[in-house]
Every structure is written in C-alpha cells, then in structure tokens.
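Engineer: Under our numbering, think of the first position of the sequence shown as 472, with each following residue one higher.
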Amino acid sequence: MIKERESLLERINVFFQVIMTIMVLFATVWGIKLFSGQLPVNLKDYITVVLIIAPIWYTLLELFELGAMARIQRYRQLAQKYLTVVLIGSILLFVIIRIIGINILTNIELAIFVVVNLAVLFTQKSIGRTIFKYFRSRGYNTRMIFIIADETSTNFIDQIIESNYWGYLIGGIISDSDEIIKKYGDRYTIISEKEDFASLIDNKVIDEVFFCKKHFRTRELNSYVRKTREVGVIFHLQSEVLRFDGLNPQMSILNHQFFLSFRNTPENYLALMVKRGIDYLFAILTLTLTTPIMAIITLLIKIEDGGPIFFSQTRVGKNGRHFKVLKFRTMVENAEELRNDLMDLNEVDGPVFKIKNDPRITKIGKFLRKTSLDEFPQFLNVLMGDMSIVGPRPPIPAEVKQYKRSLNRRLSINPGITCIWQVSGRNNISFDRWMEMDMEYIDNWSLKLDFIIMLKTFKVIFASNGQ
472 MIKERESLLE RINVFFQVIM TIMVLFATVW GIKLFSGQLP VNLKDYITVV LIIAPIWYTL
532 LELFELGAMA RIQRYRQLAQ KYLTVVLIGS ILLFVIIRII GINILTNIEL AIFVVVNLAV
592 LFTQKSIGRT IFKYFRSRGY NTRMIFIIAD ETSTNFIDQI IESNYWGYLI GGIISDSDEI
652 IKKYGDRYTI ISEKEDFASL IDNKVIDEVF FCKKHFRTRE LNSYVRKTRE VGVIFHLQSE
712 VLRFDGLNPQ MSILNHQFFL SFRNTPENYL ALMVKRGIDY LFAILTLTLT TPIMAIITLL
772 IKIEDGGPIF FSQTRVGKNG RHFKVLKFRT MVENAEELRN DLMDLNEVDG PVFKIKNDPR
832 ITKIGKFLRK TSLDEFPQFL NVLMGDMSIV GPRPPIPAEV KQYKRSLNRR LSINPGITCI
892 WQVSGRNNIS FDRWMEMDME YIDNWSLKLD FIIMLKTFKV IFASNGQ
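1. Could you spell out the range, first to last residue, of the alpha helix (DSSP H) harbouring T699?
2. Please confirm if the segment 582 to 589 is in contact with the segment 774 to 794, defined as three or more CB-CB distances below 8 Å between the two stretches.
3. I'd like the list of long-range same chain contacts for I631, defined as Cβ closer than 6 Å, with 5 residues on each side in sequence excluded.
4. Just to confirm the assignment, what range does the alpha helix (DSSP H) spanning E870 have?
5. To the nearest angstrom, report how far apart L760 and V566 are at their CA atoms.
6. Under a Cβ-count criterion, where at least 16 other Cβ atoms within 10 Å of its own Cβ denotes burial, should I672 be classed as buried or exposed?
7. Note down the Cα distance separating F962 from L854, rounded to an integer number of angstroms.
8. Output yes or no for whether 8 Å exceeds the beta carbon distance between N885 and S859.
9. Figure out for me which residue from N811, Q873, V489, T519 has the closest Cα to the Cα of K596.
10. DSSP beta-bridge partners for T889?
11. For the candidate residues L882, Q873, K841, G856, whose alpha-carbon lies nearest to that of K930?
12. Helix or strand or just coil, what does DSSP make of S431?
13. Please classify E911 as buried or exposed, where buried requires at least 16 other C-beta atoms within 10 Å of its C-beta.
14. Pick out the complete alpha helix (DSSP H) segments inside the segment 574 to 615, 4 residues or longer, and give them in chain order.
15. Is DSSP giving L537 helix, strand or coil here?
16. Mark I598 as exposed unless 16 or more other C-beta atoms lie within 10 angstroms of its C-beta, in which case mark it buried.
17. Apart from the five residues just before and just after T660, which ones in its own chain have a Cβ nearer than 6 Å to its Cβ?
18. Any Cβ of chain D within less than 8 Å of the Cβ of K827?
19. Given a cut-off of 8 Å on the beta-carbon distance, is the pair I867 and T785 in contact?
20. Take the Cβ of N852 as the centre, count every other Cβ of all protein chains shown within 10 Å, and call the residue buried at 16 or more, exposed below.
21. By Cβ distance below 7 Å, which residues in the same chain neighbour F753 in space, the five residues on each side in sequence not counted?
22. Count the other C-beta atoms from every protein chain shown that fall within 10 angstroms of the C-beta of V676, then say buried if there are 16 or more, exposed otherwise.
23. Would you kindly report the start and end of the unbroken beta strand (DSSP E) that includes I641?
24. Pull the bridge partners of V787 from the DSSP assignment, please.
25. How long is the line joining the alpha carbons of I628 and T601, rounded to whole angstroms?
26. Go ahead and pull the three-state DSSP assignment for K798.
27. Check for me: the alpha helix (DSSP H) holding L813 runs from which residue to which?
28. Quick one: grab the DSSP three-state call for F824.
29. Alpha carbon to alpha carbon, how far is S694 from N674? Give it in angstroms, no decimals.
30. Could you tell me the distance, in whole angstroms, from the CA atom of V495 to the CA atom of W905?
31. Can you tell me which of the three DSSP states V894 falls into?
32. With DSSP collapsed to three states, give me the class of F847.
33. For I641, I'd like the list of residues in its chain whose CB is within less than 7 Å of its CB, leaving aside the five on either flank, ordered along the chain.
34. Do D909 and R881 come within 8 Å of each other at the CB atom, strictly closer than that value?
35. Applying the criterion that 16 or more other CB atoms from any shown protein chain within 10 Å of the CB defines a buried residue, is I483 buried or exposed?
Here it is as structure tokens:
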C-alpha cells in the first residue's frame with residue numbers, strides 16, 4: 472500500500488513538472504515576442520507543441536526517476552539528470568517541429584527555454600528536497616528499519632546514523648557480533664540472531680529490513696526473505712558476496728525461474744531505446760541536411776581520379792557480428808594492397824595500423840579526413856542498426872584476432888561513429904589507453920555521456936581538428 476501511494480505521488484510530481492515545463496515554454500516564447508513587439512500567432516501551433524512536449528518530458532522525467540523525492544541523492548546527480556532531460560527533450564522537440572513544419576520557436580527562444588526550464592525544474596526539486604529533509608530530520612516522513620549486521624556492517628550503520636535527513640530510524644540491530652554490541656549497544660536495541668525474527672516484525676512497527684552481513688548461510692537468508700515477504704515488509708540485501716569487479720547484479724526472471732544476472736554493459740533498456748530513437752532521428756536529419764554537401768563530395772572524388780566514391784570494408788560489430796561500414800573514399804584505389812609495404816611506418820602500437828601522413832591519402836581525402844566529412848555515409852550504417860552515433864569505433868576482423876581476450880568486451884555494444892578516443896586527440900593516444908577509454912565508456916554509459924561526446928565531436932569538427 473505504501474509503495475502504491477509513493478508511486479502515485481511520483482507520477483503526480485512528474486505531471487506537475489510537465490505542466491511547469493509547458494508554462495515555461497509559453498512564458499518564454501510569448502514574453503520574448505511581446506517584448507520585441509511581435510504578437511504570437513497561430514494558437515493551434517502552440518497547442519501542437521504542447522502535445523509534443525507533454526509525452527516527451529513525461530517519458531524522460533519518468534526514465535530518470537525525477538518524480539521521486541529520493542532519500543539519498545546528491546544535488547550534483549540531480550542537476551546532471553535534469554540537464555540530460557532538458558537537453559534531450561529540447562533536441563527532440565526541435566527536430567520534430569522542424570520536420571512537421573512548425574516555426575514558432577527561433578533558435579534563441581529555444582536556447583532561453585532550455586536555460587529557464589532547467590533552472591525552474593531544478594529549483595522546484597531542490598526546494599521540495601529541502602522541505603522533505605527538514606521534516607525527515609525532525610521525525611516526519613520517516614521509515615523504521617531493522618539492520619541485520621555483522622562486524623563488516625559498521626560503515627553502513629554509521630551512514631544511516633549520520634544522515635538523519637534520509638528519513639531512516641533504526642528500530643533495532645540484529646547481530647551477535649561483539650563489535651556491533653560494543654559500538655552501538657548503548658544507543659540502539661541490539662537483538663540476538665537467535666530471537667524469533669517473525670515475532671519481532673509482527674510486534675514492532677518496521678517498514679524495511681537491511682541485510683548487511685558479509686558471511687551467511689543460504690538457509691538463513693531465505694528465512695529472512697520469507698518472513699518479511701509474509702507481512703509485506705521491504706527486504707534489502709547488501710552483501711560482499713554479490714560484489715564482482717565491473718559487474719552489476721540484477722534480478723531477472725525466465726519462465727518463473729529467478730536468476731541473479733551480472734552484466735558489465737548498459738542495462739537500462741528504456742534509456743537504450745531512447746538512444747536508438749535519437750540515433751535514428753539524428754541520422755535521418757543529418758543525411759537530409761547534408762545531401763547537397765555529399766553530392767559535391769561525390770563530384771570532387773570522381774573528378775580527382777575517377778575511382779569509386781565509397782569505401783566499403785568489413786568491420787566487427789556488436790558481439791562479433793560482421794557488417795560493411797561505408798565511408799567516402801579518401802585513399803587511392805589500391806590502398807589495401809599498399810598497406811603491407813607501409814607497415815614499418817605504423818605510428819600506433821597494438822594491432823591497429825595508422826600513419827599520420829599516410830601517402831595513400833588523396834588530395835580531397837586529406838580535406839575530408841581533416842573535417843571528418845568522410846564519416847558521413849556511416850549514418851546509413853546507423854539507420855540499418857549496425858552502428859550508433861556514439862560508441863567504440865568498429866575494428867576490422869584482423870585487429871580483433873590480435874585482441875587479448877579481455878578486449879573483446881568492447882564488442883559488447885554497438886560500435887559508433889564517434890567515441891571518447893576520437894575527441895581526445897586520437898593519434899596521440901596509445902592503443903592501451905584507447906582500449907581503456909572504450910571500457911570506461913561501456914562501464915559508465917549514460918545518455919548524458921553520449922550527449923557530452925557529441926558536443927565534443929562538433930567542437931573537433933568545427934575546429935577542423937580531425938586526424
């Protein structure tokens with residue numbers, strides 16, 4: 472019942488934030504137009520924009536769990552979430568209204584809307600959190616908890632005690648550890664593990680139970696889980712047994728069978744769906760807007776040597792799948808045949824072959840590489856689902872054969888047109904550091920990280936710093 476109530480309050484909070492976003496849009500656009508002496512026109516267009524904004528912002532706010540008044544969350548994390556929501560939402564809004572032909576938002580108005588919307592949403596959430604913290608620290612909106620502990624649990628218990636604004640009150644610590652008894656016995660009720668746990672939670676007001684023991688028997692854990700489930704008390708399991716470097720445990724169900732799954736790739740399916748949607752929309756938009764530029768590039772390549780326009784090469788994609796990557800041809804036609812003769816000039820360690828001043832590159836090819844225009848046909852690979860906008864660069868099969876086994880993890884997600892390595896001075900980075908960057912991207916993936924890499928990519932392109 473408590474969970475259902477909190478879920479309803481979270482949805483109401485999200486709905487309220489969507490209403491605030493719509494109000495910010497109207498205040499921003501109408502305010503600017505009235506201030507500049509222009510009367511807003513075509514109210515139907517504004518209604519259409521509202522119908523676009525509402526589902527986008529609602530979905531993103533739900534996705535990033537910004538309806539909840541989280542008991543434990545830093546303001547920096549909160550600001551990052553809101554920044555990601557507002558930027559992604561605004562990009563989608565901009566693309567959609569341009570596609571359907573609504574021109575009520577100028578670029579300046581959109582930029583002001585982004586800033587004001589971010590400020591308003593973050594401010595209202597911060598005020599709400601401050602109010603909740605105040606009342607929680609004074610005993611309101613609190614949750615009574617049991618902590619099942621051993622000598623390894625002191626750090627967690629200390630955090631609960633020090634962070635009273637989390638709203639957790641310790642109703643008792645269940646432990647036979649001498650260290651626990653000595654440290655907390657004078658302040659909290661220490662209950663022996665031999666006591667009847669079912670009777671304890673039946674006769675006390677307990678909302679949640681935290682199991683924090685490092686060493687335990689499966690039968691013991693099952694007993695605690697079963698007894699909390701019987702009375703609807705929330706059970707949290709925190710144990711060193713479930714910790715493996717670089718792996719995130721997650722409960723999954725297959726045909727009514729429970730599995731604890733460990734994965735080191737992004738697991739937020741809704742966020743991955745948003746990423747795929749952004750990839751698709753961005754690819755269509757880019758290919759549409761750059762058609763004249765690509766036509767000119769096609770003509771220049773043909774004029775220079777009359778050879779093929781595109782360079783197609785087999786690359787390795789997600790989980791070892793092979794696909795044909797497309798680029799504008801920047802080298803002479805027999806570039807692959809000449810490669811063996813140039814191996815001594817390779818400037819990158821590891822299985823990768825790269826030369827800064829590669830003699831096989833054509834005149835137009837130098838320009839295309841410097842401006843990264845040679846990469847544009849890869850947006851077709853994005854549309855086909857073989858690649859993403861952001862992700863580790865796709866290697867060739869020969870390189871993968873030389874990988875250490877641990878490096879195959881970089882093939883666990885879709886490869887991308889741009890990545891951290893590509894915006895960090897790629898030719899000046901060792902192969903090992905390059906691989907580390909890809910692993911860091913996989914381990915820390917988020918929509919926000921993708922957006923940051925895309926912004927840095929634009930900076931590199933406009934600075935003509937391609938290498």
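Where a beta carbon is used, it is the ideal one built from N, C-alpha and C, also for glycine. As the structure is a prediction and not an experimental result, all values here were calculated from the model.
Structural biologist: To lay it out plainly:
1. In the sequence shown, residue 699 corresponds to position 228, counting from 1. Unbroken alpha helix (DSSP H) run through T699: 689 to 702.
2. no
3. Counting from one through the sequence shown, the residue named residue 631 turns up at place 160. Excluding sequence neighbours, I631 sits near Y639.
4. Within the sequence shown, residue 870 is the residue found at index 399, counting from 1. Taken as a continuous stretch (DSSP letters only), the alpha helix (DSSP H) holding E870 covers 868 to 872.
5. Residue numbering aside, residue 760 sits at position 289 when the sequence shown is read from its first letter. Residue numbering aside, residue 566 sits at position 95 when the sequence shown is read from its first letter. Our two residues, L760 and V566, have alpha carbons roughly 12 Å apart in a direct line.
6. Translated into positions along the sequence shown, residue 672 becomes position 201. So I672 ends up on the buried side.
7. Residue 962 is absent from the structure shown; the chain starts at 472 and stops at 938.
8. Counting from 1 along the sequence shown, the entry for residue 885 is found at position 414. Counting from 1 along the sequence shown, the entry for residue 859 is found at position 388. Yes, the pair counts as a contact, with Cβ atoms nearer than the cut-off.
9. By 1-based counting over the sequence shown, the position of residue 596 is 125. Nearest C-alpha to K596 among N811, Q873, V489, T519: V489.
10. Here residue 889 refers to the residue found at position 418 of the sequence shown. In DSSP, T889 forms a bridge with V861.
11. If you number the sequence shown from 1, residue 930 lands on position 459. Minimum Cα distance to K930 is reached at K841.
12. Outside the displayed range of the chain (472 to 938) lies residue 431, so it cannot be described from this structure.
13. Taking the sequence shown and counting its residues from 1, one reaches residue 911 at position 440. Label assigned to E911: exposed.
14. 578 to 608
15. Reading the sequence shown from its first residue, position 66 is the one you call residue 537. In the structure shown, L537 sits in coil (DSSP, three-state: anything other than H, G, I, E or B).
16. Here residue 598 corresponds to residue number 127 of the sequence shown, with the count starting at 1. I598 is exposed by the Cβ-count criterion.
17. Locating residue 660 in the sequence shown gives position 189, where the first residue counts as 1. Correct list, in chain order: G643.
18. The chain labelled as chain D is not found in the depicted structure, where only one protein chain is given.
19. In the sequence shown, the residue the question calls residue 867 occupies position 396. In the sequence shown, the residue the question calls residue 785 occupies position 314. Contact flag set, yes.
20. Your numbering for residue 852 matches position 381 in the sequence shown. N852 is buried by the Cβ-count criterion.
21. Locating residue 753 in the sequence shown gives position 282, counting from the first residue. Closer than 7 Å at Cβ, skipping near neighbours: I860.
22. Walking along the sequence shown from the start, residue 676 turns up at place 205. Under this definition V676 is an exposed residue.
23. Here residue 641 is taken as the residue at index 170 of the sequence shown, counted from 1. It spans 639 to 645 - the beta strand (DSSP E) in which I641 sits, taken as one unbroken run.
24. As a position in the sequence shown, residue 787 is number 316, starting the count at 1. Looking at the DSSP assignment, V787 forms a beta bridge with H793.
25. If you number the sequence shown from 1, residue 628 lands on position 157. If you number the sequence shown from 1, residue 601 lands on position 130. Going from the Cα of I628 to the Cα of T601 covers about 23 Å.
26. Translated into the one-based positions of the sequence shown, residue 798 becomes position 327. If DSSP states are grouped into helix, strand and coil, K798 belongs with the strands.
27. Taking the first residue of the sequence shown as 1, we reach residue 813 at position 342. First-last for L813: undefined, no H or E at that position.
28. The residue you call residue 824 lines up with position 353 of the sequence shown. F824: coil per DSSP, three-state reduction.
29. As a first step, residue 674 is located in the sequence shown; it is residue number 203 there, counting from the start. As a first step, residue 694 is located in the sequence shown; it is residue number 223 there, counting from the start. If you take the alpha carbons of N674 and S694, they lie about 18 Å apart.
30. Here residue 495 refers to the residue found at position 24 when the sequence shown is read from its first residue. Here residue 905 refers to the residue found at position 434 when the sequence shown is read from its first residue. Approximately 43 Å, taken between the alpha carbons.
31. Position 423 of the sequence shown, counting from 1, holds the residue named residue 894. Three-state DSSP puts V894 in a helix.
32. Locating residue 847 in the sequence shown gives position 376, where the first residue counts as 1. For F847, the secondary structure class from DSSP, reduced to helix, strand or coil, is coil.
33. Numbered from 1 along the sequence shown, position 170 holds the residue referred to as residue 641. Answer for I641: I616, I618, I631, Y659, listed in chain order.
34. Start at 1 with the first residue of the sequence shown, and residue 881 comes out as number 410. Start at 1 with the first residue of the sequence shown, and residue 909 comes out as number 438. Yes. Within cutoff.
35. Here residue 483 refers to the residue found at position 12 of the sequence shown. With fewer than 16 other Cβ atoms within 10 Å, it is exposed.
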